[in-house]
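Have a look at the structure below, then the notes.
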Amino acid sequence: MGDTDTGATRALVLHPDITSDSTRREASFALEEAVSLAVALPGLEVVGADTVRLPKPTPGTLFGSGKVEELGQRIKSDDIGLVLIDGPVTPVQQRNLEREWKTKLLDRTGLILEIFSDRAATREGVLQVEMAALTYQRTRLVRAWTHLERQRGGLGFVGGPGETQIEADRRAIDEQLTRLRRQLEKVVKTRTLHRAARAKV
Numbered sequence: 025m026g027d028t029d030t031g032a033t034r035a036l037v038l039h040p041d042i043t044s045d046s047t048r049r050e051a052s053f054a055l056e057e058a059v060s061l062a063v064a065l066p067g068l069e070v071v072g073a074d075t076v077r078l079p080k081p082t083p084g085t086l087f088g089s090g091k092v093e094e095l096g097q098r099i100k101s102d103d104i105g106l107v108l109i110d111g112p113v114t115p116v117q118q119r120n121l122e123r124e125w126k127t128k129l130l131d132r133t134g135l136i137l138e139i140f141s142d143r144a145a146t147r148e149g150v151l152q153v154e155m156a157a158l159t160y161q162r163t164r165l166v167r168a169w170t171h172l173e174r175q176r177g178g179l180g181f182v183g184g185p186g187e188t189q190i191e192a193d194r195r196a197i198d199e200q201l202t203r204l205r206r207q208l209e210k211v212v213k214t215r216t217l218h219r220a221a222r223a224k225v
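Using my numbering, you'd call the opening residue of the sequence shown number 25 and step up by one each time.
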């Protein structure tokens, strides 16, 4: 499902044009740029691209319920395997939309990280991308739990529901980041030594 005859994933690019945002970019230019980014990722075939105008983001789903349903019908009829949203999407919005649309979703930052990962030709590049992705996940983790605490009316005191889990998740990510940082330092050191050895020859 969501694949073309060539095996590529069918993608739909959406640019949310938030009219209440005074800093928003010109919609047609932004959409064109987003499509260019999507095309840069191998294995994707962009089969649709649209600007979605909305006065302000809906906290749980970004788009209003009517638009979510309308897009969902299109995603199903066009057999879309990946939705790319040109802008930030909160973890809660991502989860809700993926559940509603029954397809994978990436926001702009996630797409850029995917492109970097695909193009990381060296071991050093791969490690740097992994670290960037983990840092991105850590940020989203904090935002997700903060959002949940607000939803339940929590005051954010230590020991509240979810506190143990967020600390455990954050610690796990921090440990991975430390491990990757050490690997990166080792790779850089080895490269420097090799370069110095070649210079002596």
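For every residue, glycine included, the Cβ atom is placed at its ideal position computed from N, Cα and C. This one's a predicted model, so the numbers in the text were calculated from it and none came from an experiment.
{"Query": "Contacts around T170, its chain only, beta-carbon distance under 7 Å, and the 5 residues preceding and following it disregarded", "Result": "Confidence in T170 is poor, its pLDDT being 48 and thus under 50, which makes the residue's placement too unreliable to answer from."}
{"Query": "Minimum length 3: unbroken beta strand (DSSP E) runs contained in the stretch 37 to 86", "Result": "68 to 78"}
{"Query": "Member of R219, S60 and T216 whose CA lies at the smallest distance from the CA of R132", "Result": "S60"}
{"Query": "Any beta strand (DSSP E) of 3 or more consecutive residues that is wholly inside the stretch 97 to 153", "Result": "106 to 109 and 128 to 131"}
{"Query": "F87 classed as buried or exposed, judged by whether at least 16 other C-beta atoms fall within 10 angstroms", "Result": "buried"}
{"Query": "Contact check, I109 vs K80, beta carbons under 8 Å", "Result": "no"}
{"Query": "Secondary structure of G88, DSSP reduced to three states", "Result": "coil"}
{"Query": "Own chain residues within Cβ distance below 7 Å of V211, not counting five before or after", "Result": "R147, E148 and L151"}
{"Query": "Contact check, G226 vs T33, beta carbons under 8 Å", "Result": "Residue 226 lies beyond the stretch modelled for the chain, which goes from 25 to 225, so this question has no answer here."}
{"Query": "V212, DSSP secondary structure in three states", "Result": "helix"}
{"Query": "8 Å contact criterion, which L106 and K128 should meet: CB distance rounded", "Result": "5 Å"}
{"Query": "Own chain residues within Cβ distance below 6 Å of P185, not counting five before or after", "Result": "Any answer about P185 is weak, because its pLDDT of 47 lies below 50 and its placement is not dependable; what the coordinates show is given next. Cβ within range, chain order: n/a, list empty."}
{"Query": "Reference R162; option with closest CA among R143, E191, L135 and E124", "Result": "E191"}
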